[in-house]
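Student:
Numbering (the working numbering), first residue to last: 1 to 261.
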């Protein structure tokens with residue numbers, strides 16, 4: 001009796017151990033298990049220890065709920081002003097509903113990638129080239145907003161989309177460079193014209209002030225002599241009193257013009 005009882009106990013113990021080994025599962029903190037019982041949804045389990053019915057009654061599909069980064073493949077698009085561009089983007093997303101990500105879509109990663117690619121092409125087609133080049137952040141926000149309208153149906157939350165690179169044809173690059181150069185040249189000429197205008201205005205004010213105060217002209221002449229004397233040159237300067245200049249001006253006004261024969 002004792003040997004048969006021991007064999008029975010060992011068999012029972014083995015069955016219990018086998019049952020436990022086939023039913024006990026462990027889900028990491030960043031993972032969840034979508035459990036199907038006879039093919040029907042039975043719940044989401046984890047993190048930590050959870051149990052599955054053995055012999056194929058229940059099976060678990062692991063789902064990673066961490067934020068993941070996907071580099072979208074380069075997409076060719078046509079802007080609203082008919083310029084072909086190639087755009088590369090980066091997408092940050094996270095599975096917030098593991099059940100939907102398994103039950104409502106066949107391959108959630110492929111679905112989100114395709115959704116982002118088609119959305120990016122359609123959004124770029126609504127903007128001109130200058131807007132795509134200068135407003136990458138705004139366009140990325142529009143893409144993220146449109147993706148967010150559909151992604152929650154698959155249990156995914158898209159947190160951010162960034163435009164990584166925009167490539168344009170070489171001839172358009174040259175045209176943009178020429179446009180930028182012309183804009184800089186235009187700004188430089190305007191600045192130079194403004195400076196000349198201010199200088200002319202200041203000189204006019206100075207001339208008007210000197211005309212009202214003859215002593216100021218004498219001081220300016222003395223300053224000019226000082227500046228010339230400070231330089232080593234052979235220039236000869238003949239100073240003429242301002243009275244002579246004024247007398248010549250009065251004489252010129254008093255003499256009538258000679259009639260033309």
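Glycine included, C-beta positions come from ideal geometry on N, C-alpha and C.
All figures in this text were calculated on a predicted structure; none of them were measured in a lab.
#1: How should residue 181 be labelled, buried or exposed, when 16 other C-beta atoms within 10 angstroms of its C-beta is the threshold for buried?
#2: Residue 88 and residue 164: beta carbons closer than 8 Å?
#3: Nearest-angstrom Cα distance between residue 34 and residue 159?
#4: For residue 170, which three-state DSSP category applies?
#5: Quick one: complete beta strand (DSSP E) runs, 3+ long, within the region 7–75?
#6: Could you give the first and the last residue of the continuous beta strand (DSSP E) run that contains residue 110?
#7: Name the one or two DSSP bridge partners that residue 92 has.
#8: Does the region 169–188 come within contact of the region 115–124, defined as at least 3 CB pairs closer than 8 Å?
#9: Across which residues does DSSP place residue 86 in a beta bridge pair?
#10: Using the Cβ count rule (16 or more neighbours within 10 Å means buried), how would you classify residue 155?
#11: If you reduce the DSSP assignment to three classes, tell me which class residue 143 lands in.
#12: Would you please state the rounded distance, in angstroms, between the beta carbons of residue 70 and residue 37? I believe it to be under 8 Å.
#13: Please list, in chain order, all residues of the same chain as residue 157 whose beta carbon is under 6 Å from its beta carbon, the five residues on each side excluded.
#14: Exposed or buried, residue 219, counting other C-beta atoms within 10 Å across all chains shown (16 or more means buried)?
#15: Using 10 angstroms around the beta-carbon of residue 58, count the other beta-carbons present and answer buried if the total reaches 16, otherwise exposed.
#16: Return the CA-CA distance between residue 167 and residue 115, expressed in angstroms with no decimal places.
#17: Across the region 40–55 and the region 130–145, are there enough close Cβ pairs to call them in contact, namely three or more that are closer than 8 Å?
#18: Decide if residue 146 is buried, meaning its Cβ has at least 16 other Cβ atoms within 10 Å, or exposed.
#19: Grouping DSSP H, G and I as helix and E and B as strand, with all else coil, what is residue 181?
#20: Helix, strand or coil for residue 135? Go by DSSP, reduced to three states.
#21: Give the single residue among 25, 101 and 192 whose Cα lies nearest to the Cα of residue 150.
#22: What's the gap between the Cα of residue 152 and the Cα of residue 103?
Tutor: In terms of the structure at hand:
#1: So residue 181 ends up on the exposed side.
#2: In this structure, residue 88 sits near residue 164, with a CB-CB distance shorter than 8 Å.
#3: Straight-line measurement puts the Cα of residue 159 at about 23 Å from the Cα of residue 34.
#4: Assigned with DSSP and collapsed to three states, residue 170 falls in helix.
#5: With a minimum length of 3 residues, the continuous beta strand (DSSP E) runs that stay inside the region 7–75 are 24–27, 31–37, 40–45, 48–51 and 58–64.
#6: It is not in any beta strand (DSSP E) - residue 110 instead sits in the alpha helix (DSSP H) that spans 108–124.
#7: DSSP, once it has assigned bridges, lists 69 and 160 as partnering residue 92.
#8: Touching, no, given that fewer than three Cβ pairs across the two stretches are closer than 8 Å.
#9: Checking the DSSP bridge columns, you'll see residue 86 partnered with 76 and 167.
#10: Burial is judged here by how many other beta carbons sit within 10 angstroms of a residue's own beta carbon; residue 155 has at least 16 and is buried.
#11: Looking at residue 143 - three-state DSSP - the assignment turns out to be helix.
#12: In fact, because the Cβ distance is near 32 Å, the residues do not count as touching under 8 Å.
#13: The beta carbon of residue 157 is closer than 6 Å to those of 94 and 96 in its chain, skipping five residues each way along the sequence.
#14: Here residue 219 is exposed. Its C-beta has fewer than 16 other C-beta atoms within 10 Å.
#15: A residue is called buried when at least 16 other Cβ atoms come within 10 angstroms of its Cβ; residue 58 meets this threshold and is buried.
#16: Approximately 21 Å, taken between the alpha carbons.
#17: A contact is defined here as three or more CB-CB pairs under 8 Å, and the region 40–55 fails this definition with respect to the region 130–145.
#18: With 16 or more other Cβ atoms within 10 Å, it is buried.
#19: Here residue 181 sits in helix by DSSP.
#20: DSSP places residue 135 in coil when its eight states are reduced to three.
#21: Minimum Cα distance to residue 150 is reached at 101.
#22: The C-alpha of residue 103 is placed about 13 Å away from the C-alpha of residue 152.
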